[in-house]
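Novice: Each number in this note's numbering corresponds to the 1-based position in the sequence shown with 7 added.
Ideal Cβ positions, reconstructed from N, Cα and C, are used throughout, including at glycine.
All figures in this text were calculated on a predicted structure; none of them were measured in a lab.
Here it is, the structure in full.
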Amino acid sequence: MPAKATPGGVGFVPGNIDIHEIEGVLSQLPGVESVRIVVDADRRITEIHGLANPSRPPKQIIRDIESSLMAGWGIRVDHKKIGIAQVRDEPEQERQASFERRLKIKKVDLSVTGLTSEAEVELELEDKVYLGRAAGGASSGNNRRLVAMATLGAVEAFLRSKISLVLDELIVTTISGRKVVIVSVSALSPVGEEVLVGSALVDAAESEAIARATMDSINRRIAMFKNSA
């Protein structure tokens with residue numbers, strides 16, 4: 008289960024709670040596209056910025072964020088600090104075309120030989136396959152990271168650009184009785200660094216959920232990265 012806040016006033020986020028983890032989970036709420044949490048030097052929430060689609064009213068999304076913070080981490084927040092911006096909903100035809108142009112996960116494989124593990128991930132787009140591999144020590148924690156790194160390697164093979172994708176953190180936790188993977192990725196380019204967060208429910212194999220969470224972190228930025236190649 009996520010770490011719970013200890014008493015510290017409204018909006019206080021203890022140091023043992025990862026803010027990126029909270030952002031990733033809140034981004035999975037219905038109608039929510041992404042969430043960014045801003046804290047001050049004392050780790051008190053000063054602002055929560057949410058990006059949402061028009062499927063649900065902003066007031067309902069704000070209530071959902073408040074409830075999730077309290078239920079998941081014991082964090083109370085003033086609803087006035089939560090801002091929701093809604094983006095135009097794409098017509099169905101445009102949305103379907105955008106989905107069809109998106110990289111899809113074709114294969115996720117993790118093999119262990121002695122003390123070494125190797126992860127291999129294949130992504131597919133328009134009948135072209137892009138392969139990523141990563142190898143390292145066969146610990147359970149490192150196996151998870153290898154799958155995410157192989158996924159990023161496959162994306163870099165597709166981009167063929169100066170963009171470098173670095174795995175910052177990978178967390179497997181439980182929210183409302185469901186196992187969730189949360190991934191934080193840094194996208195490095197000549198113009199700077201951008202931190203991206205994605206998440207996915209573990210429905211079957213954990214390695215597949217890790218690949219999906221990794222793709223969730225960068226899917227909305229891939230087109231921009233490709234154009235900057």
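Would GLU30 be called buried (16 or more neighbouring beta carbons within 10 Å of its own) or exposed?
Specialist: Buried.
Novice: Buried or exposed: ASP223, going by 16 or more other Cβ atoms within 10 Å of its Cβ?
Specialist: Its Cβ being crowded by 16 or more others within 10 Å, ASP223 is buried.
Novice: How close, in whole Å, do the beta carbons of ARG63 and GLY38 come, if the pair is a contact with beta carbons under 8 Å?
Specialist: Sure, about 4 Å apart at Cβ, within 8 Å.
Novice: Using alpha carbons as the reference points, say which of LEU203, ILE112, LEU177 lies closest to SER147.
Specialist: Among LEU203, ILE112, LEU177, the Cα nearest to that of SER147 belongs to LEU177.
Novice: With respect to the beta strand (DSSP E) encompassing SER146, which residues constitute its N-terminal and C-terminal limits?
Specialist: No beta strand (DSSP E) holds SER146; DSSP gives it neither H nor E.
Novice: With a Cβ-Cβ cutoff of 8 Å, do LEU159 and GLY143 count as a contact?
Specialist: No, the pair does not count as a contact, with Cβ atoms beyond the cut-off.
Novice: Could you spell out the range, first to last residue, of the beta strand (DSSP E) harbouring HIS56?
Specialist: Taken as a continuous stretch (DSSP letters only), the beta strand (DSSP E) holding HIS56 covers 52-59.
Novice: If I measure Cβ to Cβ from VAL119 and keep anything under 7 Å in the same chain, skipping five residues before and after, which residues do I get?
Specialist: The answer, listed in chain order, is ALA145.
Novice: State yes or no: is the C-beta of SER191 within less than 8 Å of the C-beta of HIS56?
Specialist: No, the Cβ-Cβ distance between SER191 and HIS56 is not below 8 Å.
Novice: Quick test of your reading: GLU129 and ALA161, contact by CB under 8 Å. State the CB separation rounded to the nearest angstrom.
Specialist: Contact flag correct, Cβ pair sits at about 7 Å.
Novice: Identify, in the order they occur along the chain, each residue of the same chain with its Cβ nearer than 6 Å to the Cβ of ASN149, setting aside the five sequence neighbours on each side.
Specialist: Answer for ASN149: GLY143, listed in chain order.
Novice: Where do the ends of the beta strand (DSSP E) carrying ILE178 lie?
Specialist: Residues 171-182.
Novice: Quick one: Cα of ILE229 to Cα of ALA194, how far?
Specialist: Going from the Cα of ILE229 to the Cα of ALA194 covers about 10 Å.
Novice: Just tell me which of ILE112, THR53, ALA59, SER41 has its CA closest to the CA of GLU215.
Specialist: For the residues ILE112, THR53, ALA59, SER41, the minimum Cα distance to GLU215 belongs to ILE112.
Novice: DSSP three-state call for GLY18: helix, strand or coil?
Specialist: Note: GLY18 maps to coil in three-state DSSP.
Novice: Please classify SER124: does DSSP put it in a helix, a strand, or coil?
Specialist: Strand at SER124.
Novice: Please report the residue range of the beta strand (DSSP E) in which VAL42 lies.
Specialist: Where VAL42 is concerned, the enclosing beta strand (DSSP E) stretches over 39-46.
Novice: Taking the continuous alpha helix (DSSP H) assigned at GLY31, which residues delimit it?
Specialist: Run containing GLY31: 26-33, per the alpha helix (DSSP H) assignment.
Novice: Measure the alpha-carbon distance for THR180 versus LEU76 and round it to whole angstroms.
Specialist: Those two C-alpha atoms are separated by around 15 Å.
Novice: By the three-class DSSP mapping on this structure, what secondary structure does GLU131 have?
Specialist: Strand, per DSSP.
Novice: Taking Cβ positions, are GLU54 and LYS87 nearer each other than 8 Å?
Specialist: No.
Novice: Would you kindly check if the distance between the Cβ of ARG151 and the Cβ of ILE91 is under 8 Å?
Specialist: It is not a contact, given that the beta carbons lie outside the stated cut-off.
Novice: Would you kindly check if the distance between the Cβ of ASP85 and the Cβ of LEU36 is under 8 Å?
Specialist: In this structure, ASP85 does not lie closer than 8 Å to LEU36 by Cβ.
Novice: Closer than 7 Å by C-beta to ALA157: which residues in its own chain qualify, once you throw out the five before and the five after it? Chain order, please.
Specialist: ALA126, GLU127, VAL128, GLY139, ARG140, ALA141, listed in sequence order.
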